[in-house]
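Going by UniProt numbering, 146 is the number at position 146 of the sequence shown; the sequence numbering is gapless. No residue lacks a Cβ here, since even glycine has one placed at the ideal position from N, Cα and C. Keep in mind it's a predicted model, so treat the numbers as computed, not measured. The structure under discussion appears below in the form of structure tokens.
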Amino acid sequence: MNYLTLRITFVTSFKWICKTIGLLCSYLAWVFGVSLANSKSWRIWEFKSKKVRFVFIGLWEAYYYQKLNVSGTIVDFPMHSTINKSWVISIELQYGQDLMLLANFMKTVVLVFTSMAIMLNWIKAPFPDYLKMCYNVSSFYLFLSCGCTAGAVSWNFAKDFYGQTTLDFPTTFPVSKRYLKKKHFSYVFPLGILTATFSFVSACMFLFEISNILLCSVRLLHSLKVFTS
């Protein structure tokens, strides 16, 4: 096996590694994005209350354990409350809902386009323009979803710990915000940054694949000119 053969093998393998990394990162970003949207740990608040000690607040629902007297025995019952118009919903939570929905929708579109592109590469279909379009759309949406996810988790984290959030419970809630004792750090912020990183890495891999397609097209045109001259 000569040097040229080794180089061709290496380049081909490297291209497939980049495609695989891009597809894997886009799937991981989608899975983590869905998990973030459904998480009830965007805020973990501890209260000075005998009825409710901890409240776990998500984007659309809050979860807590309420102490109730059942036949003389104090029992912790799991309860949940839908975040609706009866709540005082802060602006960062409203935008967090919209940004996470938008990010997950865009990543779903990305999975469709990248899966089609990988399939066309696998069967070696001669459609470079279509492949380039698939990777362009995927990269664009991945960069946007990266910004949406990072913005949503960073804004909510900053307002919760370093700002003054206006989020408040409805009047029928078993505990009042004025009894808030402590705010606890949760996994949502680091998971959100990790999700955004996966989206960014995936977009970079697809941009690299676009450059490969363009380079192959230029080489093909050059070869045709040499052949016809």
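V110: buried (16+ other C-beta within 10 angstroms of its C-beta) or exposed?
-> What you label residue 110 is simply residue 110 of the sequence shown in a count that begins at 1. So V110 ends up on the buried side.
Residue closest to R53, alpha-carbon to alpha-carbon, out of I210, P190, F206, K182 | Residue 53 sits at position 53 when you count from the first residue of the sequence shown. Among I210, P190, F206, K182, the Cα nearest to that of R53 is on K182.
Which whole-angstrom value describes the C-beta separation of K51 and K67, a residue pair presumed to lie in contact below a C-beta threshold of 8 Å?
-> Translated into positions along the sequence shown, residue 51 becomes position 51. Translated into positions along the sequence shown, residue 67 becomes position 67. That pair is a contact at about 5 Å.
Neighbourhood of K177 by C-beta, 7 Å cutoff - its chain only, sequence neighbours within 5 removed | By one-based count along the sequence shown, residue 177 stands at place 177. Closer than 7 Å at Cβ, skipping near neighbours: D168, F169.
The beta strand (DSSP E) enclosing L144, as first and last residue numbers = Walking along the sequence shown from the start, residue 144 turns up at place 144. Per DSSP, L144 is not a residue of any beta strand (DSSP E); the alpha helix (DSSP H) it occupies stretches across 128-161.
Close beta carbons around residue 231, own chain, < 6 Å, minus the five adjacent residues each side = Outside the shown range of the chain, which is 1 to 229, sits residue 231, and nothing can be said about it.
Does the distance from the CB of N156 to the CB of W45 come in under 9 Å?
-> Position 156 of the sequence shown, counted from the first residue, corresponds to residue 156. Position 45 of the sequence shown, counted from the first residue, corresponds to residue 45. Not a contact, by the Cβ cut-off of 9 Å.
Please report the Cβ distance between G192 and L36, rounded to the nearest whole angstrom; I am assuming they are in contact, meaning their Cβ atoms lie under 8 Å.
-> Taking the first residue of the sequence shown as position 1, residue 192 is located at position 192. Taking the first residue of the sequence shown as position 1, residue 36 is located at position 36. Confirmed, Cβ separation roughly 6 Å.
Straight-line Cα distance separating F113 from K132 | The residue given as residue 132 occupies position 132 in the sequence shown. The residue given as residue 113 occupies position 113 in the sequence shown. Going by the C-alpha atoms only, they are around 11 Å apart.
Compare the beta carbon distance of Y64 and P174 with 9 Å and say whether it is the shorter of the two.
-> Against the sequence shown, residue 64 aligns to sequence position 64. Against the sequence shown, residue 174 aligns to sequence position 174. Cβ atoms of Y64 and P174: closer than 9 Å.
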